[in-house]
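Protein chains in written order, with our numbering: chain A, 1 to 197; chain B, 1001 to 1197; chain C, 2001 to 2197; chain D, 3001 to 3197; chain E, 4001 to 4197; chain F, 5001 to 5197. Every residue, glycine too, gets a C-beta built ideally from N, C-alpha and C.
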């Protein structure tokens, strides 16, 4: 049976039904319990997707292959793309949750807020700025990208796998930002203060 | 071994490597051969994703669960969402390919072009217009969606599964449009004239 | 006597009165019968303008001097400008009707849809791209055009008559697109499938 | 023989050739001499169009049928539409020249500047505001106009001829503004101070 | 006691209370009487700010230090910045009032209207154009300004005090334009025709 | 003597000269030492303005009269306006510094980030939302504000002093955001983590 997770004073974590853990398919429950064990809490995105097991599986399959890779872009660079483009889409969930992850991955307590508010004023290396600039184009004006843009990225030292990854991660969070925005997925309070000290 | 698919005069189908079919993982090759048998040709999106098997699998898992469902939204309504929002993103691949599918699914040879050029002038029923309007908001201004918008959709007769599906399909093609745009995925010539008569 | 042309199930061809042919001034009726004989049907724009004979005459005088010229820009190039800029203005009538004419004039069954959806992904020659780029500026940001833009076009090999024609055709369809949009002029069904095979 | 009209210090009145009066076709020369006699100077738009007699004729035929009519909209209301929409298009020629005409036609020395800078702060009657609002939609978002907008205008007391005229005048100056902007047509100095006292 | 200054037919000069002169603090009254003696009338901005003496003092302190300086930028250049950026913000008060001052300071009866309608078509020197271009960026896209933009201005011959002044004046009128717009401050009729002959 | 404050590795706090404290006018130095004593550090905005004493004085006079008032809007509401509108202007300094102050004033560790990323998803009361909505209009579309907007605010329970204050604070930070953006004023590292626990 499904229940909306908005008991008492706590604001709802989604505008759509959130199933109870023990009624989920095994693979979903296992994944959720694993992340809870690792993080100490369950990020709401897992609960918000759980009423749609196939979309849950497809989304996290996409996520894992693009965000957990060790070659090419670093994990911090991958999170940098997420924060920069999610800010363009005004996605509260992704900016807050991935902002925390970026602080951890980049071992930098300023970068996430800088990039979320104004990348032009952020402390970015040339490589990071090229990543953010290309991701920005994919996020808000992908139709205008031409062969010349890819040539330009190659000139700046990116190989095809890295360029594809920047485009792919931006595309995945174009999806994720819209899901979070229409479903009203609320970031867990824990993310806001994480890795601030 | 990988090869770019741009021999002779034929324009390339992607800016990224396109593997030969017989070097693909079995599940990808099976899927591709099945669609080729059904359609008479291989839609280029299958070839463009093939160099990234995990993203291929995640993308088509997403696609199948959202586009092949028979309950709630009709298949024609699902394609209508794709064409309307892909036009907003100026995604040539998706407008041309899914325009053809919409003509077939809706048994209407005018609707796809109308929606791609200007939904306000398209021959839409009230239900279709509500779908296109909500999808448009998710596509271009998802951050502004509030509880009131969902309440409004429920007032217009949509249940939560239908509303989620409109949002989810729009989100998936926000991803798909950006992939096609940065990778320069070319629509097969076959799509343009399909179901025109 | 005037009558709205929306009998039975057929959607209206205009939001404004459409006169009967035999009540039109002779020159208008002759022009309309001539185009009907040539095309096999009467394009709705002729009927929609007919209740205003002076505007009908001025519009088609403008049209004929700019679109039927044989020197400088080719006729296919002239139609390319119309389709590209009418798509920017989301004018269903002009994209559909002139899309058909462009397929015929350019002997190309893909170009019109490509340009309407996303010129950056269209199969354009360098000359065609320069034409579309300048027309785009006239259509959406004419105020910013400076002497340097004209100098740039001359450097790309266009003479003054060609540059004026690009600007003039774009200006004429800025007018035409707005008329069609406020008056709700409906493209004839015949245009959609024309020259597709 | 043609000559550019930019002798000595005087800034050029157009980026394109300006023919000498005595080499023009008779009808153009008569029209120009008549306006010179009436105004005391030749408005530069006449000279800028003169190298293209057919476009000259079509443009002024359009102009005369829409701007010199005495029924329905008043002449001041027609000029109000021109100034409001030309300001949206940042057309220096039309704002300055028609601003002068509006001051004269409306017998109001403030209205033209108010409307050009910010219609929301202009001293407009309810009828004038409805005209400017509809013209603004035709000028910048004509694609979104629906039957409901026309119904709304009829509710505000406008008949179909008046609504068409608002749309048509806006459309004509969408053309005129773009011509003036790409051709760099310079407003005569005389217009700026006209009817100011 | 406060009174709204909208007696009889005269349109109100502000949407907020306008105090009587003899109830103002001495320093405000002295300032207002001085400007009245110099100009022959009291510009409405003085009256509109008067119900908030501390904001009155801060605003005119800012104004005087930035607009009455004799070194670096000329006074005409300072007014040019005000007119150009106030037009971008559609501030009727500032365009009309400072347009008049610009005509006087620059001894040019065309420049203010040109800049207000379309700077690209205004008779600007290279130095004036660089000033207007940088001010435009500060007015509408200040977040994107980088070190490279300041380097570029220095290359064009501006020193740091001049660059700061362009930025500061634009910032002050970003404030002033918004005050005038939300408070509905009406420009005095006297400004429109000033220095036109 | 002036010196740029960018010794060693520390990023510069401004693109313009930053004077040494002991060379400042007494009133500026006193103000700066007072804020240092209270906060434990000198917020960079004080240093960035110090090379222009008159602008320093005018800016902080404006700031104090609008931000330190106890009547009408609460101090937390005043900071809410600053964070919301500074985020619209992508002003890193103001979002980070005033975000910290908002966390303190509102005794809420989530609100500042929520409002900076997406006010539509922030935990706002109806009164707070009305404040943010009106401030947003003043920040980005002040030209369109009419009497009806003020009437609407009064209907929602705001008196004229509160409405003026919302408009005035938004206007002041329209100035402040642009100064910080063109001058590249860097937020102190201390602000990011303040009041997070």
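The segment 3079-3094 of chain D: positions lying closer than 8 Å to chain C by Cβ
From the segment 3079-3094 of chain D, only 3089, 3090, 3091 have a Cβ closer than 8 Å to chain C.
According to DSSP, is residue 153 of chain A part of a helix, a strand, or is it coil?
On the first chain, position 153 is the one that residue 153 of chain A refers to. In the structure shown, residue 153 of chain A sits in a helix (DSSP, three-state: H, G or I).
Taking the C-alpha atoms as reference points, what is the distance between residue 5123 of chain F and residue 5111 of chain F?
The residue you call residue 5123 of chain F lines up with position 123 of the sixth chain. The residue you call residue 5111 of chain F lines up with position 111 of the sixth chain. If I take the Cα positions, the gap works out to 7 Å.
So, is the C-beta of residue 3146 of chain D closer than 8 Å to a C-beta in chain H?
Included in the structure are the protein chains A, B, C, D, E and F, with no chain H among them.
Out of curiosity, what's the CA-to-CA distance linking residue 1057 of chain B and residue 70 of chain A?
Here residue 1057 of chain B is taken as the residue at index 57 of the second chain, counted from 1. Here residue 70 of chain A is taken as the residue at index 70 of the first chain, counted from 1. Annotation: residue 1057 of chain B to residue 70 of chain A spans about 20 Å, alpha carbon to alpha carbon.
Using the Cα positions of residue 2195 of chain C and residue 2096 of chain C, report the straight-line distance between them to the nearest angstrom.
Looking up residue 2195 of chain C in the third chain gives position 195. Looking up residue 2096 of chain C in the third chain gives position 96. Near 12 Å, if we compare the C-alpha coordinates of residue 2096 of chain C and residue 2195 of chain C.
In its own chain, which residues sit with a C-beta less than 7 Å from the C-beta of residue 2183 of chain C, not counting the 5 before and 5 after it?
Position 183 of the third chain holds residue 2183 of chain C. Only 2014, 2015, 2016, 2048 meet the Cβ criterion.
Cα separation between residue 3076 of chain D and residue 3089 of chain D?
Your numbering for residue 3076 of chain D matches position 76 in the fourth chain. Your numbering for residue 3089 of chain D matches position 89 in the fourth chain. Taking the straight line joining both Cα atoms gives about 20 Å.
Please confirm whether any heavy atom of the ligand FMN lies closer than 7 Å to the CB of residue 2030 of chain C.
Only the bare structure without any ligand can be found here, which leaves the ligand FMN out of the picture.
Below 8 Å CB to CB, which residues in the same chain sit around residue 5129 of chain F once its five sequence neighbours on both sides are set aside?
By one-based count along the sixth chain, residue 5129 of chain F stands at place 129. For residue 5129 of chain F, where only same-chain residues beyond five positions count, the Cβ hits under 8 Å are 5119.
For a quick check, are the C-beta atoms of residue 31 of chain A and residue 1174 of chain B less than 8 Å apart?
Position 31 of the first chain holds residue 31 of chain A. Position 174 of the second chain holds residue 1174 of chain B. Not closer than 8 Å, so no.
Within 10 angstroms of its Cβ, does residue 2020 of chain C collect 16 or more other Cβ (buried), or is it exposed?
Within the third chain, numbered from 1, the residue matching residue 2020 of chain C stands at position 20. By the neighbour-count rule (16 or more Cβ atoms within 10 Å), residue 2020 of chain C is not buried but exposed.
What residue ranges within the segment 1109-1163 of chain B form continuous beta strand (DSSP E) runs of no fewer than 3 residues, ordered along the chain?
none
Can you name the residues of chain D whose CB is closer than 8 Å to the CB of residue 5143 of chain F?
Translated into positions along the sixth chain, residue 5143 of chain F becomes position 143. Those are 3118, 3120, 3121, listed as they occur along chain D.
Chain-ordered chain E contacts of residue 5138 of chain F [CB-CB under 8 Å]:
Here residue 5138 of chain F refers to the residue found at position 138 when the sixth chain is read from its first residue. Result: 4178, 4181, 4182.
Can you round the beta-carbon distance between residue 1187 of chain B and residue 1092 of chain B to whole angstroms, since I take them to be within the 8 Å contact cut?
Here residue 1187 of chain B refers to the residue found at position 187 of the second chain. Here residue 1092 of chain B refers to the residue found at position 92 of the second chain. The Cβ separation is near 6 Å, so the contact holds.
Going by alpha carbons, who is nearest to residue 4098 of chain E out of E:4079, E:4114, E:4106, E:4107?
Numbered from its first residue, the fifth chain carries residue 4098 of chain E at position 98. The residue with the shortest Cα to Cα distance from residue 4098 of chain E is E:4079.
If you run the structure through DSSP and keep just helix, strand and coil, what is residue 5032 of chain F?
Your numbering for residue 5032 of chain F matches position 32 in the sixth chain. The answer is helix: DSSP assigns residue 5032 of chain F an H, G or I state.
Validate contact between the segment 129-143 of chain A and the segment 152-170 of chain A using beta carbons, cut 8 Å, 3 pairs:
yes
Measure the beta-carbon distance from residue 1150 of chain B to residue 1163 of chain B and round it to whole angstroms, keeping in mind my assumption that it falls under 8 Å.
By one-based count along the second chain, residue 1150 of chain B stands at place 150. By one-based count along the second chain, residue 1163 of chain B stands at place 163. About 6 Å; that satisfies the 8 Å criterion.
Alpha carbon to alpha carbon, how far is residue 3191 of chain D from residue 4189 of chain E? Give it in angstroms, no decimals.
Taking the first residue of the fifth chain as 1, we reach residue 4189 of chain E at position 189. Taking the first residue of the fourth chain as 1, we reach residue 3191 of chain D at position 191. In this model, residue 4189 of chain E and residue 3191 of chain D are separated by some 20 Å (Cα to Cα).
Thinking residue 4116 of chain E and residue 3115 of chain D are a contact (beta carbons under 8 Å), I'd like their distance in whole angstroms, please.
Residue mapping note: residue 4116 of chain E aligns to position 116 of the fifth chain, counting from 1. Residue mapping note: residue 3115 of chain D aligns to position 115 of the fourth chain, counting from 1. In fact, because the Cβ distance is near 12 Å, the residues do not count as touching under 8 Å.
Quick check: residue 4044 of chain E and residue 5142 of chain F, are their CB atoms within less than 8 Å of each other?
Mapped onto the fifth chain, residue 4044 of chain E falls at position 44. Mapped onto the sixth chain, residue 5142 of chain F falls at position 142. Taking the C-beta atoms as reference points, residue 5142 of chain F is found no nearer than 8 Å to residue 4044 of chain E.
Measuring straight from C-alpha to C-alpha, what distance separates residue 4084 of chain E and residue 4138 of chain E?
Here residue 4084 of chain E is taken as the residue at index 84 of the fifth chain, counted from 1. Here residue 4138 of chain E is taken as the residue at index 138 of the fifth chain, counted from 1. If I take the Cα positions, the gap works out to 12 Å.
DSSP-derived helix/strand/coil call for residue 4103 of chain E
The residue labelled residue 4103 of chain E in the question sits at position 103 within the fifth chain. In the displayed model, residue 4103 of chain E falls within a helix according to three-state DSSP.
From E:4185, E:4172, E:4160, E:4159, pick the residue whose C-alpha is nearest to that of residue 4954 of chain F; which is it?
No answer is possible for residue 4954 of chain F: it lies beyond the span of chain F, which begins at 5001 and ends at 5197.
Taking 8 Å as the threshold (beta carbon to beta carbon), is residue 2174 of chain C in contact with chain D?
Within the third chain, the letter at position 174 stands for residue 2174 of chain C. Yes, residue 2174 of chain C counts as interfacial toward chain D.
Could you check what DSSP says for residue 5025 of chain F in three-state terms: helix, strand or coil?
For the purposes of this step, residue 5025 of chain F is identified with residue 25 of the sixth chain, where counting begins at 1. Coil.
Counting C-beta neighbours from all protein chains within 10 Å, is the total for residue 3107 of chain D 16 or more, i.e. buried, or is it exposed?
Position 107 of the fourth chain, counted from the first residue, corresponds to residue 3107 of chain D. Residue 3107 of chain D comes out exposed.
Mind pulling the chain F residues with CB within less than 8 Å of residue 4055 of chain E?
Translated into the one-based positions of the fifth chain, residue 4055 of chain E becomes position 55. The answer, in chain order, is 5062, 5065, 5066, 5168.
Which residue marks the beginning of the alpha helix (DSSP H) containing residue 2058 of chain C, and which one marks its end?
Walking along the third chain from the start, residue 2058 of chain C turns up at place 58. Run containing residue 2058 of chain C: 2053-2067, per the alpha helix (DSSP H) assignment.
Any chain B beta carbon closer than 8 Å to residue 23 of chain A
Residue numbering aside, residue 23 of chain A sits at position 23 when the first chain is read from its first letter. So no, residue 23 of chain A is outside the interface.
Could you check if residue 3121 of chain D is buried or exposed, using at least 16 other CB atoms within 10 Å of its CB as the buried criterion?
Residue mapping note: residue 3121 of chain D aligns to position 121 of the fourth chain, counting from 1. By the neighbour-count rule (16 or more Cβ atoms within 10 Å), residue 3121 of chain D is buried.
Taking the C-alpha atoms as reference points, what is the distance between residue 1067 of chain B and residue 2153 of chain C?
The residue given as residue 1067 of chain B occupies position 67 in the second chain. The residue given as residue 2153 of chain C occupies position 153 in the third chain. One C-alpha to the other measures close to 46 Å.
Host alpha helix (DSSP H) of residue 3088 of chain D (start-end)
Working through the fourth chain from its first residue, we reach residue 3088 of chain D at position 88. 3075-3088 is the extent of the alpha helix (DSSP H) around residue 3088 of chain D.
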